[in-house]
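Quick note on the numbering used here: the sequence shown kicks off at 1 and runs consecutively.
Each residue gets a CB set at the ideal place from its N, CA and C atoms; glycine is no exception.
Please read these numbers as outputs of a predicted model, since none were measured by experiment.
Following: one structure in structure tokens, then a few remarks.
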Amino acid sequence: MLRYNIILALIFSVFTASHTAYAAGKLSDNQRIESAQLGYALQYRVYTPEGIETLENIPTIYMTDGQWYIKSGKMVKELDRLIAKGAIKPTIAVFVDNRDPDNLRNNRRNQQFFCNPDYVKFFTNELVPTVTDNYPTSQARDDRVILGLSFGGLNAACFGLMAHPTFGGIAMQSPATHPVPKLFDVYQSEDTRPIKIFFSTGTKNDNAGASRRFRTVLKEKGYEMMYKEVPYGHNWRNWKPLLDDILLYYFAT
């Protein structure tokens, strides 16, 4: 019996090792970047999958309000879990903090997320090249996704119009689109961009009405899209359970 148990333990350890090759990714400390485009400093953290030294052409997901996706969304744990299962490709995640790094009480999201061309250029001309220079990321735009919630979801929609040569995927969680009232009209009147869209909203005290109108516009324009409604409000009970859907939609093996 003892020998039988030892054999079972060895088999289990081999099986576990084979399924956890990328199970323990690393989250960097805050990295500071001085933006010439915006005229101020920002900070961000980078998640890298285990075994990155042997990998290349890794897809990347960028998140605005990145500090929230780390703390409340537990995105690092979700990445580790799905990579360990072999459900998604090893993926790099860039968590962009919307706050002033020298005064965290100064939240800049309202000036950054409303289709601000300087914020778009910060990403396309400064942040993405910096990440690309320092990590073995894929150069293909289809392997690069921008994700955000609420006003960050609006920002992702803006990137779909303004940054599609750089980002092939936009993921919008409960996008609060009202600060840019012409957004729907622009999507409707202009040519369909080559982007892949994830779009979700809650049905309780969220932006469901506007989201459904936006979904109709996007469907009529022929966008590739996954749309989800969940029975929750404008909070993490809505957003957190959908993170695996987002990662699988863009990075499934």
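{"Asked": "8 angstroms Cβ shell around W68 - same chain, five flanking residues per side excluded", "Found": "L149"}
{"Asked": "Simplified DSSP state of Q139, which is helix, strand or coil", "Found": "coil"}
{"Asked": "Residues of its chain near R237, where Cβ-Cβ distance is below 6 angstroms and the 5 sequence neighbours each way are ignored", "Found": "none"}
{"Asked": "Residue span of the alpha helix (DSSP H) that contains A220, given as start and end", "Found": "The residue you asked about is not Ala; residue 220 is Glu in the sequence shown. Its alpha helix (DSSP H) spans residues A208 to E220."}
{"Asked": "Three-state secondary structure assigned by DSSP to E34", "Found": "strand"}
{"Asked": "Pair within 7 angstroms by beta-carbon distance, A176 and N205", "Found": "no"}
{"Asked": "Counted within 10 angstroms of its Cβ, other Cβ atoms place A140 as buried (16 or more) or exposed", "Found": "exposed"}
{"Asked": "N- and C-terminal bounds of the alpha helix (DSSP H) containing E78", "Found": "M75 to K85"}
{"Asked": "Inside the segment 40-115 only - alpha helix (DSSP H) runs reaching at least 4 residues", "Found": "66-71, 75-85 and 109-112"}
{"Asked": "Endpoints, the alpha helix (DSSP H) within which F184 is located", "Found": "L183 to S189"}
{"Asked": "Collapsed DSSP secondary structure at Y227 in the structure displayed", "Found": "strand"}
{"Asked": "Given V230 as reference, the closest of S211, E220 and V217 once Cα atoms are compared", "Found": "S211"}
{"Asked": "I195 (DSSP reduced to helix, strand or coil)", "Found": "coil"}
{"Asked": "Contact check, G168 vs D142, beta carbons under 7 angstroms", "Found": "yes"}
{"Asked": "Proximity of T91 and P129 at Cβ, strictly below 7 angstroms", "Found": "no"}
{"Asked": "Whether V217 touches Y187 by CB criterion (7 angstroms)", "Found": "yes"}
{"Asked": "Start-to-end residues for the alpha helix (DSSP H) that takes in V131", "Found": "V128 to N134"}
{"Asked": "For G25, three-class secondary structure by DSSP", "Found": "coil"}
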